[in-house]
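Heads up, the thing below is written out as structure tokens.
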Amino acid sequence: MDDGGNINTGHLIYTDGSKTEKGVGVGVCVLTDVNITRRSTRLSLRNTVFQAEILALLKEMEHAVALRTQQLTILLDNQASIKSAVNPQESQFNFPENLQLTP
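Just add 84 to the spot in the sequence shown (first one is 1) and you have the working numbering.
Below, the structure is given as structure tokens:
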């Protein structure tokens, strides 16, 4: 388990999904040497926290593919999401084929 504090190269991407009585949403924070970018999206109340976590991860992997030459690290706080990403063939979600993970 790592909070990303010791990583000092490339982009750091933090993702999170959450659900409260007021709604379901995802948040993303991208840190580079010079910028901090934050994004958030509200989802349907029918979505689960796991779906929110996976959506945040999938969206950031799409972003990562666009940055082909950039080194980046995606940090998540949900073990189920991490396990789904590490074993994409066992997941119901479509992860990129060229995904390389270091759990």
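Note that CB positions come from ideal geometry on N, CA and C, so glycine has one too. Owing to the predicted nature of the structure, the values given are computational and were not obtained by experimental measurement.
Around the beta carbon of Leu141, a 10 Å sphere encloses 16 or more other beta carbons of the protein chains shown; the residue is thus reported as buried. Rounded to whole angstroms, the gap between the alpha carbons of Arg130 and Val110 is 14 Å.
Rounded to whole angstroms, the separation of the alpha carbons of Ser102 and Leu160 is 12 Å. Collapsing the DSSP output to three states places Leu142 in a helix. Val133 sits in a helix when the DSSP states are folded into three classes. Ranked by Cα distance from Thr125, the first of Leu115, Val108, Phe134, Asn119 is Val108.
Annotation: the continuous beta strand (DSSP E) that includes Gly109 extends over 107-115. Rounded to whole angstroms, the separation of the alpha carbons of Ala150 and His95 is 13 Å.
Cα atoms of Phe134 and Asp117: separation of roughly 30 Å, rounded to the nearest angstrom.
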